[in-house]
Structure formats: C-alpha cells, structure tokens
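Asks: Quick one: this structure, given as structure tokens, is what I'll be asking you about.
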Amino acid sequence: MKRIKIIRLLATYICHDPFAYSPTYTWDAFPPIIYRERERILPVLKVWEHKGYLTIVYDDTTAFVLNVEKLPSKERLIEESRNVK
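Residue 5 is where the sequence shown starts when you use this note's numbering, and the numbers rise one by one after that.
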C-alpha cells in the first residue's frame, strides 16, 4: 500500500473526533496495516510532532499522544505529509 494511503487512513482515525477519546493512541486502536508500516510513516509522525500536533511515544503498545488543541483538519494533515521524504 502506498504511504499516502496509509497516512490518509491514519489521519481519518485521529481526526474523526479527537475530543471523544483519550488523546493517547495505542497501536491496536488502528488497523493492522498502520502498525506493520510504522517505519514508513515515522518520518511523517516526526514532522507532525515538530509542528506540535502530537508527541511520539513509539513503543510496542503506544503510538503517540495527540495535542488536540493544535491538531489541524484531516485535509491539512494529509497535505502536509505529501512532501515528507
């Protein structure tokens, strides 16, 4: 699966309603493809962390903690991820 499709799926999950859930996201909260491809999406997660959208925990259970006050729209997250190498 292309990385942008994985990022789109991830953005859909974290932007669905971030105030309805805990800001701490575990890997099992996502479809298995996101966990399997975590190394491919790590550069994008680092950019999002640099922008203050989340804090990477990145262990075997916890993926990251969202900063919901700074989280932009799903479309903006996807657009920002397109240029990440």
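Each residue gets a CB set at the ideal place from its N, CA and C atoms; glycine is no exception.
Would Tyr25 pass as a contact of Val69 if the rule is Cβ separation under 9 Å?
Replies: no
Asks: Tell me, to the nearest whole angstrom, how far the beta carbon of Phe107 is from that of Tyr17; I am working on the premise that it is less than 8 Å.
Replies: Outside the displayed span of the chain (5 to 89) sits residue 107, for which this structure offers no information.
Asks: Excluding the five sequence neighbours on either side, which residues of its own chain have a C-beta within less than 6 Å of the C-beta of Cys19, listed in chain order?
Replies: Lys78
Asks: Between the C-alpha atoms of Ser85 and Asp64, what's the straight-line distance to the nearest angstrom?
Replies: Their backbone Cα atoms lie some 23 Å apart in a straight line.
Asks: Quick one: residues in its chain with C-beta nearer than 7 Å to the C-beta of Gly56, no 5 flanking neighbours on either side, listed in chain order?
Replies: Asn71, Lys74
Asks: Below 9 Å between beta carbons: does that hold for Arg7 and Ile45?
Replies: yes
Asks: Please report the residue range of the alpha helix (DSSP H) in which Ala15 lies.
Replies: 7-19
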